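Protein chains in written order, with my numbering: chain A, -9 to 233; chain B, -9 to 233.
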């Protein structure tokens, strides 16, 4: 029995849903409402002391960190495989996940300015101070402070955009030999990049995911989106009118 | 044929040396002199675009990130194993490595104030500006700026010390079931913690690695140091009179 505590728009959650769907694993979905700070509630912190999403519960045990969860799923349910066989390629895969993880701050600059900013800017100073206390990591405290009181400037968004486009540059180079980031097949390295490319393509720098600018990334992205698991993982538009 | 590009005092290098020695693997040692910025030289950046140490060259291919390298070594040379068998415990191991990696900034506050600060504070403004250009990551640029011009304050060192002692608290809890961080045996999770505990014990907060304050960590540390691989990995005193 698996339960995924996740958010529909959370990049890390999207990775894990993609991995579960590629493997054809069924799971119970429990949506954690970040705007309501449910991920910092005492109950949630019991299964995830970092107060981030997602958390996978499997056989009653919690696991966090999307890269770790995806590799756990591949080791627990090896078929179809989502990791290359060769140790060196596995190392490259892990370094890709790590590299992309390190860019999450740049994605947050764009993602949190929608739903979360709408909610956070209405908090009183007292409410804000109270919520800060429940946030385990300093990076996330800073992210909430920014959306609540000091939204990122156009210049900051520009710098974040530049770093996300550099990810596409790096992918473009890596995709040359086989069309996949690592080895000769779709792997967790590709899955790690999906939520990033999705956001770049729909809002952050749409012209950068194209035949003209990054042809191999554009071809990769078309193939990824055509996979049946992509539809099932529900990686929809980030900004919708109903929320 | 393996070549390890490393530094004797670098925490990440110490992890990889421990792993190599536990496995009884022979390798050629190539010391990278950080004070001379050798890790930012064009030649080194070719094998490690992040400009950090260590890098392992094996069969002519470079691999970086100490956690990734250790897991690569365990997959390439499985005997003796340094990872638990169970997928869940492997996940826990990877999250331990990740968690400890995230604390490296706190260790740098203490480590860089010795040899590197001595060198960096003598740079002219022009030299400093020139060196900054060769440093790929912003975190590391900041770290060099601090040792060159604005050494960390006692208050900042106190905050870093607190976070490193919190690592011992977390270890103390995790060591309860078996005496090891994960599963029932010595693993890469333990190896990841070794360079941190070493520095806490010798300089940062010596009284915290003791029977009185963290008895399980103290027992674990005694057992680790008694392993033959520990001596061979040459994890010596950080500050010596000859350098």
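Note that CB positions come from ideal geometry on N, CA and C, so glycine has one too. A quick note: this is a predicted structure, and the numbers were derived from the prediction, not measured.
Taking C-alpha atoms, which residue in B:156, B:90 and B:193 lies nearest to residue 178 of chain B? Numbered from 1 along the second chain, position 188 holds the residue referred to as residue 178 of chain B. Taking only the C-alpha atoms, the option nearest residue 178 of chain B is B:90.
* Asked: Should residue 229 of chain B be labelled buried (16 or more other beta-carbon atoms within 10 Å of its own) or exposed?
  -> Sequence index remark: in the second chain, residue 229 of chain B carries index 239 (1-based). The residue is exposed, with fewer than 16 neighbouring Cβ atoms inside 10 Å.
* How should residue 233 of chain B be labelled, buried or exposed, when 16 other C-beta atoms within 10 angstroms of its C-beta is the threshold for buried? -> Mapped onto the second chain, residue 233 of chain B falls at position 243. Residue confidence is low: residue 233 of chain B scores 46 on pLDDT, short of 50, so the model does not pin down where it sits. Its coordinate-derived value is still stated next. So residue 233 of chain B ends up on the exposed side.
- residue 71 of chain B bridges to which residues according to DSSP? Working through the second chain from its first residue, we reach residue 71 of chain B at position 81. DSSP lists no partner for residue 71 of chain B.
How many angstroms separate the CA atom of residue 6 of chain B from the CA atom of residue 129 of chain A? The residue given as residue 6 of chain B occupies position 16 in the second chain. The residue given as residue 129 of chain A occupies position 139 in the first chain. The straight-line gap from Cα to Cα measures roughly 29 Å.
inquiry  = My output table needs one value for residue 241 of chain B: the three-state DSSP class, helix, strand or coil.
reply    = With chain B covering -9 to 233 only, the question about residue 241 of chain B has no answer from this structure.
_With H, G and I counted as helix, E and B as strand and the rest as coil, what does DSSP make of residue 52 of chain A?_
As a working mapping, residue 52 of chain A is identified with position 62 in the first chain. Looking at residue 52 of chain A - three-state DSSP - the assignment turns out to be strand.
Classification of residue 64 of chain A by the beta-carbon crowding that lies within 10 angstroms, buried from 16 upward: To locate residue 64 of chain A, count along the first chain from 1; it is residue 74. Buried, by the Cβ-count rule.
**Request:** Would you mind sorting residue 1 of chain A into buried or exposed? The rule is 16 or more other CB atoms within 10 Å of its CB.
**Result:** Counted from its first residue, the first chain places residue 1 of chain A at position 11. Counting Cβ neighbours within 10 Å, residue 1 of chain A comes out buried, since at least 16 surround it.
Chain A contacts made by the region 37 to 53 of chain B, where a contact means CB separation under 7 Å: 51 and 53
Query raised in the report: Within the 7 Å Cβ cut-off, does residue 66 of chain A reach chain B?
Result: Mapped onto the first chain, residue 66 of chain A falls at position 76. Yes, its Cβ sits closer than 7 Å to a Cβ of chain B.
In chain B, which residues lie less than 7 Å from residue 173 of chain A when you measure between Cβ atoms?
Counting from 1 along the first chain, the entry for residue 173 of chain A is found at position 183. Within 7 Å Cβ-Cβ: nothing; residue 173 of chain A doesn't reach chain B, min ~13 Å.
Local Cβ density within 10 Å of residue 75 of chain A, reported as buried at 16 or more and exposed below that:
Taking the first chain and counting its residues from 1, the one referred to as residue 75 of chain A is at position 85. It counts as exposed.
Let me know if residue 227 of chain A comes out buried or exposed under the rule of 16 or more other beta-carbons within 10 Å of its beta-carbon.
On the first chain, residue 227 of chain A is found 237 positions in, with the first residue counted as 1. With fewer than 16 other Cβ atoms within 10 Å, it is exposed.
Hey, is the region 156 to 175 of chain B in contact with the region 123 to 141 of chain B, meaning 3+ C-beta pairs nearer than 8 Å? no
Is residue 6 of chain A helix, strand or coil when you go by DSSP?
Taking the first residue of the first chain as 1, we reach residue 6 of chain A at position 16. Residue 6 of chain A falls in the helix class under three-state DSSP.
Complete runs of the alpha helix (DSSP H) confined to the region 65 to 137 of chain B [at least 4 residues]: 77 to 91, 94 to 101, 105 to 110 and 115 to 123
To which residues does DSSP link residue 45 of chain B through a beta bridge? Position 55 of the second chain, counting from 1, holds the residue named residue 45 of chain B. In DSSP, residue 45 of chain B forms a bridge with B:-5 and B:54.
Count the other CB atoms, across all protein chains shown, that sit within 10 Å of the CB of residue 58 of chain A; report buried if there are 16 or more and exposed otherwise.
-> The residue given as residue 58 of chain A occupies position 68 in the first chain. Answer is buried; the Cβ neighbour count reaches 16.
Report task. Measure how close the beta-carbons of residue 107 of chain B and residue 141 of chain B come, nearest whole angstrom, since I'm counting them as under 8 Å. Result -> Position 117 of the second chain holds residue 107 of chain B. Position 151 of the second chain holds residue 141 of chain B. Yes, residue 107 of chain B and residue 141 of chain B are in contact; Cβ-Cβ is about 6 Å, under 8 Å.
In angstroms with no decimal places, state the Cα-to-Cα distance between residue 18 of chain B and residue -6 of chain B. Here residue 18 of chain B refers to the residue found at position 28 when the second chain is read from its first residue. Here residue -6 of chain B refers to the residue found at position 4 when the second chain is read from its first residue. Using only the alpha carbons, I get a separation of about 6 Å.
Look at the alpha carbon of residue 32 of chain B and the alpha carbon of residue 55 of chain A, and state the distance between them as a whole number of angstroms. Residue 32 of chain B sits at position 42 when you count from the first residue of the second chain. Residue 55 of chain A sits at position 65 when you count from the first residue of the first chain. Each residue's alpha carbon lies about 34 Å from the other.
* For residue 18 of chain A, which beta-bridge partners are listed by DSSP? -> In the first chain, residue 18 of chain A corresponds to position 28, counting from 1. Bridge partners of residue 18 of chain A: A:-7.
Where do the ends of the alpha helix (DSSP H) carrying residue 214 of chain B lie? The residue labelled residue 214 of chain B in the question sits at position 224 within the second chain. 205 to 216 is the extent of the alpha helix (DSSP H) around residue 214 of chain B.
| task | Please check if any C-beta of chain B sits within less than 7 Å of the C-beta of residue 117 of chain A. | result | As a working mapping, residue 117 of chain A is identified with position 127 in the first chain. Not closer than 7 Å to any Cβ of chain B, the Cβ of residue 117 of chain A fails to qualify, so no.
Sub-7 Å separation of residue 153 of chain A and residue 96 of chain A beta-carbons: Stepping through the first chain from its first residue, residue 153 of chain A is reached at position 163. Stepping through the first chain from its first residue, residue 96 of chain A is reached at position 106. Cβ atoms of residue 153 of chain A and residue 96 of chain A: closer than 7 Å.
Fill in: Contacting residues, own chain, Cβ-Cβ under 8 Å from residue 88 of chain A (five flanking each side not counted)
Indexing the first chain from 1 puts residue 88 of chain A at position 98. Excluding residues within five positions, the ones whose Cβ falls inside 8 Å are 57.
query: So what does DSSP say about residue 152 of chain B, is it helix, strand or coil?
result: As a first step, residue 152 of chain B is located in the second chain; it is residue number 162 there, counting from the start. Correct three-state label for residue 152 of chain B: helix.
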